[in-house]
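In order, the protein sequence lines correspond to chains A and U.
Residue 1 is where the first sequence starts when you use my numbering, and the numbers rise one by one after that.
Residue 1 is where the second sequence starts when you use my numbering, and the numbers rise one by one after that.
Some notes on the structure that comes next.
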Amino acid sequence: MKICITSEGKTLDSKVDPRFGRCQNFIFFDTDTGNFEAEANTNSQFQGGAGIQSGQLVVSKGVKAVLTGNVGPNAHQVLSTAGVSIFTGVSGTVKEAIDGYKHGKYKPADAPSVGSKFGMPNK
Amino acid sequence: MIISVASGKGGTGKTTIAVNLALSLRNVQLLDCDVEEPNAHIFLKPEIKETFSAFIPIPEVDSEKCNTCGKCREVCAYHAIAVIPSNGETKGSVLVFPHLCHGCGACSLLCPQKAIKEVHKEIGIVEIGTAKGIQFVHGKLNVGEVMSPPLIRQVEDRIDPTKTVIIDAPPGTSCPVIAAVKKSDYCILVTEPTPFGLNDLVLAVEVLRKIRIPFGVVINRSDIGDDKVDKYCQGNKIPILLRIPFDKGIALLYSRGIPLVQEKVEYKDKFRKLFDCINKLSVLKAK
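Below you can see the structure in the form of structure tokens.
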């Protein structure tokens, strides 16, 4: 199963990025094979709609679960419509997040954890 | 002649200038385009005769025709659309986020399935009336709406070219300001002689130079602060059209919603001179 972790860097030792829509990188991790790919988030500089388009990207990758710090209302709507499970309040390294997920440490968030524009720079 | 009244900084006295200039002239139309917080009506107390809803077109997707190809999302410059593809079990869907939509129409125009039609969404109202011999028009953006330029344009659709038109613009230097001042022949920039006033004046000047609208400056509360606004205007050959001192009497009238020229009649002359000055500058510019 493919999961997505928002990340500051592009390795499993990178820190989890606390923002979803405007995170620096997405790590797509396959829990069956242990393989992963990292992708820079080109939506992070959008004036508006960053969460929507990041949600779109994650959905189009066939991801089943997202691990991140916070998710805003628009991204939450996109992800939940597509049936992606959302886990917020995740911190530490990407590797720790994956281990935590495998051990059932996180609870799915059924509501957005922050308001619009939370991840805007200088805020 | 269309004269807009703008400022980089908020609270410098745009409405005071717009309302009192309108009251000092004949055959005037006043448009309050500060649709997020219109307040000219507080001073003019117009009798509203007509009210219209203002709409923007937003996409509505026919889920029968849509095959979730994703073209609409791709062409949306405002990132307002997400397309959830079918996963085999559930049918795919298109999510539209109306608050991000600018109503440009690209999605409906370019949908290969012709599955998108535009529906009207109300964003505010336009009210038209008369006040003290002035033809009055203003827009009121609905609470929670963020897209003010379409409403501002719908207020300006009511411009009467046979009159002297005065536009009270919103503060700042972004899209709503440009929508409000774009049609004007001359723009009055209201500022105050403080560091904030100067900083935001410089930004507003850059905008007006870019969109090529002639302008001059009114310095409100002219006897506070420092002389940096004066020096900036001199250095950049920007005419200072009027100075209004910091005066408790003026503030008192303002707080009671009474126009300045109604009680301090000497200001009528000052506003007429301001208008004459703008006329002369415009004629010079035309030559």
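Note that the Cβ used here is the ideal one computed from N, Cα and C, for glycine as well.
Item: What are the partner residues of residue 59 of chain U, as DSSP defines its beta bridges?; Value: U:118
Item: Check for me: the beta strand (DSSP E) holding residue 30 of chain U runs from which residue to which?; Value: 28-32
Item: Check whether the segment 22-37 of chain U touches the segment 161-181 of chain U, taking contact to mean three or more Cβ pairs, one atom from each stretch, closer than 8 Å.; Value: yes
Item: Can you pull the DSSP bridge partners for residue 39 of chain A?; Value: A:26
Item: Out of U:57, U:234, U:94 and U:191, which has the shortest C-alpha to C-alpha gap to residue 151 of chain U?; Value: U:57
Item: Can you tell me the Cα-Cα spacing of residue 5 of chain A and residue 117 of chain U, whole angstroms?; Value: 37 Å
Item: Check whether the segment 82-90 of chain A touches the segment 61-68 of chain A, taking contact to mean three or more Cβ pairs, one atom from each stretch, closer than 8 Å.; Value: yes
Item: Quick one: give me the first and last residue of the alpha helix (DSSP H) that residue 15 of chain U is part of.; Value: 14-24
Item: Taking residue 84 of chain U as the query, report the chain A residues whose CB atoms sit under 8 Å from its CB, ordered along the chain.; Value: 59, 78, 81 and 82
Item: Along the chain, where does the alpha helix (DSSP H) that runs through residue 118 of chain A open and close?; Value: It is not in any alpha helix (DSSP H) - residue 118 of chain A carries neither H nor E in the DSSP assignment.
Item: Can you confirm whether residue 46 of chain A, when its beta carbon is compared against all beta carbons of chain U, has any partner nearer than 8 Å?; Value: yes
Item: What would DSSP say about residue 106 of chain A, mapped onto helix, strand or coil?; Value: coil
Item: Taking the alpha carbon of residue 135 of chain U as the point to measure from, which residue in U:50, U:178 and U:107 has its own alpha carbon closest?; Value: U:50
Item: For the segment 28-41 of chain A, which residues have a beta carbon sitting closer than 9 Å to at least one beta carbon of chain U?; Value: none
Item: For a cutoff of 8 Å on Cβ pairs, would you count residue 203 of chain U as touching chain A?; Value: no
Item: Closer than 8 Å, Cβ to any Cβ of chain A: which residues of the segment 87-101 of chain U, in chain order?; Value: 87, 90, 93, 95, 97 and 100
Item: If you draw a straight line from the C-alpha of residue 288 of chain U to the C-alpha of residue 156 of chain U, how long is it?; Value: Any answer about residue 288 of chain U is impossible in this case: the structure gives chain U only from 1 up to 287.
Item: Which residues does DSSP list as the beta-bridge partners of residue 186 of chain U?; Value: U:3
Item: For my contact list, residue 138 of chain U and residue 32 of chain U are in at a C-beta cut-off of 8 Å; report their separation, rounded to the angstrom.; Value: 4 Å
Item: Can we say the segment 69-76 of chain U touches the segment 35-42 of chain U, given the rule of at least three CB pairs closer than 8 Å?; Value: no
Item: Determine the closest residue to residue 284 of chain U out of U:214, U:7, U:10 and U:93, with distance taken between C-alpha atoms.; Value: U:214
Item: List, in order along the chain, the chain A residues whose C-beta lies closer than 9 Å to that of residue 80 of chain U?; Value: 48, 49 and 52
Item: Helix, strand or coil for residue 19 of chain A per DSSP?; Value: strand
Item: What residues in the segment 47-78 of chain U bring their beta carbon closer than 9 Å to a beta carbon of chain A?; Value: 70, 73, 76 and 78
Item: Taking the continuous alpha helix (DSSP H) assigned at residue 178 of chain U, which residues delimit it?; Value: 175-181
Item: To which residues does DSSP link residue 4 of chain A through a beta bridge?; Value: A:28 and A:66
Item: Compare the Cα-Cα distances from residue 21 of chain A to each of A:51, A:34, A:7 and A:8 and report the closest residue.; Value: A:51
Item: So the candidates are U:228, U:280 and U:112; which of them puts its Cα closest to the Cα of residue 192 of chain U?; Value: U:228
Item: Kindly list, in the order they appear in chain U, the residues whose Cβ is closer than 8 Å to that of residue 56 of chain A.; Value: 73, 82 and 83
Item: Among U:69, U:92 and U:67, which has the Cα closest to the Cα of residue 79 of chain A?; Value: U:92
Item: Name the DSSP beta bridge partners of residue 220 of chain U, please?; Value: U:244
Item: What residue range is occupied by the uninterrupted beta strand (DSSP E) comprising residue 83 of chain U?; Value: 81-84
Item: Among the candidates U:98, U:234 and U:7, whose CA atom is the shortest distance from the CA of residue 55 of chain U?; Value: U:98
Item: Give the DSSP-derived three-state secondary structure of residue 11 of chain A in the structure shown.; Value: coil
Item: Under DSSP, the alpha helix (DSSP H) around residue 228 of chain U begins and ends at which residues?; Value: 228-235
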